[in-house]
Structure formats: structure tokens, C-alpha cells
Amino acid sequence: MKRYHVHTFGCQMNAHDSERIKGLLEDLGLGEAAAEEDADLIVFNTCTIREKPDQRLAAHLAQAKAVKAREPEKIIAVGGCFAEAQRERLFELYPFVDVAFGPGSISHLGDWLGAGGEGVARGRFGTGEERAFAADLPETRGRRFQAWVQVSMGCNSVCSYCIVPRVRGREVSRRPGEIVAEVVRLAGEGVQEVTLLGQNVNSWGRDLAPGIRTEFGELLRAVDSVDGIERIRFTSPHPKDFRDPVISAMAECVAVCEHTHLPLQSGSTRVLKRMRRTYDRERFVRLAEKLRGAIPDLALTTDLIVGFPGETERDFRQTVEAVKEVGFDGAFTFVYSPRAGTEAAAMPDQIPEDVKRERIERLVDVVQRVAHARNQERVGKLEEVLVEGPSRTDESVLRGRTRRNTTVNFRGTAAPGELVDVLVESATSMTLRGTEAAFVAAA
Ligand code: SAM
Ligand code: SF4
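Residue numbers (the numbering used here): 67 to 509.
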């Protein structure tokens, strides 16, 4: 049996696309190889959101080149956002690559392999009209009790720093019936937690045909009504599309978790305008207050960019202030990375690397302090935890996630997939520690 190895870079959407890539390859009769060197087919599912993943990929491809020189029969496939961004140059840059496909054309990999790697021209892949939902392909999931469900592809926003609209195309919503049917099927297979995925997940539904046009709150309600689904998450919503029906659905649906990842990007209204985010700082803060008012105990996490072109020390301080004012439970912090072809990359007032570095260090420090204080508030409370398995650093301890999406390491006897109550005993900025309630009672 031929074997494959998939190497995934980037966001949850890519992680989910990789499940589809694996499912498709298994349907074609290939088995998974745990290590790259044992595989006949090596797939890189790439990300190009910042320069860093590009650099990591370049290092991997340099290794792949050496492997291909030694063992020319191995197949090297490059998929995802980097492949799409570099579609004109990819085979020139990396002549040893056998097949390439954009994020909207995963099935092309199947066509190519199905044709024995000869029937389809090497350079043919893409987004545009050819795009199809990866959700229509078979999938191989990492965990039997958790699943991602794609609700849309592409993005219609024009954030001036972002390459996503170029590589993933315009937004297309998946039909509600198909989404709910997938969730029903997943629940039947034992899935308890679903994460609805879209680049701009809460604008879902608006592009559907007039007869079925709907909005994200309705989708949350429909998924909430599926028997067996205990937890519903979604990512990433855009603040501009967080309308009242979504907030009410979150508040009223029992399975929708008390967590929202709401990317702020910058605390400076001036910078937000140049980023084309279409909300200002005040509107974001009001939205956060409204969400917390409607959903008691809500955890709010965010994405922040430092060093956007023209960002002054004053703008940066406003981001720091916003982190404190909103009291985020966590944040992904990024150094602005110019992406070729985006509006911001052409802005004249780029910030020097040393200033960006210095700012991100200061920001991370504040984010950690605020998150630590928020997590500290959980100490002494019981949290419902979905057990994922042993802790990554200590096999004698279990790991799981609260409804608020915080990782908990805890003493206990529960099995992966179980929902248990955990008494929280201590906290860091990223994790909680505790003991399973049944374990405490037995002691
Ligand atoms: N669609 C989602 C959104 O708008 O929140 C996610 C987009 S992207 C996969 C995740 C994050 O990467 C963004 O929220 C942003 O903070 C960051 N990002 C995107 N482009 C970037 C760039 N050029 N430089 C630094 N960070 C960037
Ligand atoms: Fe990129 Fe903005 Fe679309 Fe998110 S909403 S994917 S940051 S363009």
C-alpha cells in the first residue's frame, strides 16, 4: 500500500482542509505514514498569512528537494494558500514539486493522483470558478468526539493587510441544509463538540439565494437543536457582522459555548480605519460590553497586530489600553507582516523591525497579565471540561477544555470524550489546573 504524510501549516481552516485531504487520500487507497520519510506522497498544506509560515515552508521544501533528488519516485504536493498566492511561479521556484492545488481545489489532488499523476497537466489547479467546498469530500478526523464544520469559504472583507481574500476568493456560504445534515451525521458518529468555520463566519447566509437567505444566528439555533451536540463553537466572527440575532442565539442556545474570538486588530481608531476594519474602537468596546451583558461568564479572546504601517507610539498605547479596558481572556498577537499585493504592503510608512519587536514584547506582557487575572477569577469554581486526553507535558495528568475554551490540566480518571466537572485550583495566563470533582469527592 502506498502511504502519505500531510504537513499542515496555519489556521483551523487549514487543519480542517487537511482532514479532507487525508480522507480523500484514504478513499484512493493510501494509508497514513506517521513520518515524512516513510511516505510515498508528501503533502504540504500551506499558509501564507505572514512571512513566518512562508519561511518555515521554504525550509521544509529544501528538505523535500533533497529527498526527491535521492528518491525521484516520491510525489511532492503543495496545497493551500501559499500555493495559490504563488500559482504563477510555484513550479519555477520549486521545480521538484509534482502537483499543486489552491485551498478551493483540494479535489484536484484526487483528480491528479486518480489519473496516475499523468492525466491532468501538472500546473492545473486554482480557486476562482473551480472552487468547491472541501466539506463535500470524505474526511479523516483527529478526534472522534470533536469536529470542524465548514460553513463558508472565502472572504468579502478588504482588510488592507490581509492576503486571505486573494487566495481564498469571494465568500460563498454553504447551504444550511447541507451544514445541518453534516452535523446530524457527525452527532450520529459520536461527535459532541462542533466548531463552525468560516473566514468571516458570522456573515454566513447573506449570499444565499433569496428563498433560503438567512443569517448566522439561525444557523446556531439549527445546530443547537441537533441531538447529541453538547458544545457549539465558531470562528472567526468579524465585529462588524456581530448583530443582535447572533447575540440572542448565543444567549439562548444551551450548546453554544460561552466564548467568542473577536479580532480587534488595533485599539486605535485611526489605525483601524487604515486597516479597513469598518468599526472603530468605541464600537468594538460597546459590542464587547453588549456580549458580556447578554452572555454571563463569556470569555473573549482576540487577534492583535502591532507595527501596522504608520502606527505611532500613541496608536500602539491605545491597543494596550484596549486590552486592559476589554479585559481579554487571551489574544493572538502578531507583528505586522507585509504581504505582496495587499494595500498595506504598498503604504510608505512601514515600521522598522526593531520597533515592531519592542512593541510586541510590551503587548504580550500586558495580554498575559490581563489573561492571568481573568483566569485567576476561575479559581475555586467548578468548570465543565471536555476531556481530550493526557496532558502534553505530564502523562499522569489529564487535559481538556472548559466551555470558555480554556485548557485545563487536572487530576482525574475520566476518559477522552467525557464531560466532567473540574474544581479549578490554580491558574496561569494560558491554562487552569484542578482536580476532577468526582475524584475530590472520592478522596
Ligand atoms: N478571518 C479571520 C479574521 O478576520 O479574524 C482570520 C484571519 S487570519 C487567518 C488570522 C489573523 O492573522 C488575523 O485576525 C490577523 O490578526 C492576522 N493577520 C492577517 N494578516 C496579517 C499580516 N499581514 N500581518 C500580521 N498579522 C496578520
Ligand atoms: Fe483577512 Fe479581514 Fe477577511 Fe479576516 S476579515 S480573512 S483579516 S480580509
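Built from N, CA and C at the ideal position, the CB exists for glycine as well.
Computed from a predicted structure; not experimentally measured.
Select from V506, S462, F476 the residue whose C-alpha is nearest the C-alpha of T468.
-> F476
Return yes when the C-beta of Y402 is under 7 Å from any heavy atom of the ligand SAM, and no when it is not.
-> Yes, Cβ of Y402 sits closer than 7 Å to a heavy atom of the ligand SAM.
Is it right to say Q152 is buried, meaning 16 or more other beta carbons lie within 10 angstroms of its own, or is it exposed?
-> buried
Would the segment 412-421 and the segment 389-398 be scored as touching if the rule is three or more Cβ pairs under 8 Å?
-> Taking 8 Å as the limit for Cβ pairs, the verdict is that the segment 389-398 does not touch the segment 412-421.
Contact check, I108 vs K88, beta carbons under 8 Å | Taking 8 Å as the Cβ cut-off, I108 and K88 do not qualify as a contacting pair.
With E205 and R383 assumed to form a contact (beta carbons below 8 Å), what rounded beta-carbon distance in angstroms separates them?
-> Actually they are not in contact, since the Cβ atoms of E205 and R383 sit about 45 Å apart, beyond 8 Å.
Endpoints, alpha helix (DSSP H) assigned at I87 | 78-93
Look at the Cβ atom of E443, then the Cβ atom of L485, and state whether they are nearer than 8 Å.
-> no
Leaving out the 5 sequence neighbours to the left and right, which residues in its chain are closer than 7 Å to V163 when beta-carbon positions are compared?
-> If we look at V163 and ignore the five residues flanking it on each side, its Cβ neighbours are I142, V144, L156, F157.
Using the beta-carbon count (16 or more within 10 Å), is Q129 buried or exposed?
-> exposed
Out of R380, R358, H71, A388, which has the shortest C-alpha to C-alpha gap to E348?
-> A388
Cβ-Cβ distance between D369 and Q416 below 8 Å = no
Spatial distance of P362 from L91 (CA atoms) = In this structure, the straight-line span from the alpha carbon of P362 to that of L91 is close to 44 Å.
Would P169 pass as a contact of G146 if the rule is Cβ separation under 8 Å?
-> yes
D381 and S334 look like a contact to me (Cβ under 8 Å); what is the Cβ gap, rounded to whole Å?
-> 4 Å
Taking the alpha-carbon positions, what's the V386 to S495 distance?
-> 16 Å
Could you tell me whether the segment 400-413 touches the segment 352-366, using the rule of 3 or more Cβ pairs below 8 Å?
-> No, the segment 400-413 is not in contact with the segment 352-366.
Report the option in A99, H82, D83, G76 whose CA atom is closest to the CA atom of R69.
-> A99
Hey, how far is the Cα of E150 from the Cα of F167?
-> 7 Å
Taking 7 Å as the cut-off, does the CB of C221 come closer than this to any heavy atom belonging to the ligand SAM?
-> yes
Reduced DSSP secondary structure (H/G/I, E/B, other) of H438 | helix
For G376, the three-state DSSP class (helix, strand or coil) | coil
heavy atom of the ligand SAM below 7 Å from C77 C-beta | yes
Per DSSP, cross-strand counterpart(s) of M219 | V238
May I ask you to list the residues that DSSP assigns as paired with V486?
-> Per DSSP, V451.
If G235 sits next to R197, beta carbons under 8 Å apart, how far is it from one beta carbon to the other, in whole angstroms?
-> 6 Å
In whole angstroms, what is the alpha-carbon distance linking L123 and R428?
-> 29 Å
If you check the beta carbons only, do Q265 and V230 fall under 8 Å apart?
-> yes
Secondary structure of L330, DSSP reduced to three states | coil
Under three-state DSSP, which class holds Q212?
-> strand
Buried or exposed (CB count within 10 angstroms, at least 16 for buried), P329 = buried
Using only the heavy atoms of the ligand SF4, determine whether one of them is closer than 7 Å to the beta carbon of V238.
-> no
Which one or two residues does DSSP pair with I142 in a beta bridge?
-> I108
Over the uninterrupted beta strand (DSSP E) stretch that includes F400, give me the two end residues.
-> 396-401
Taking G466 as the reference, give the member of A181, Q121, G271, R499 with the closest Cα.
-> R499
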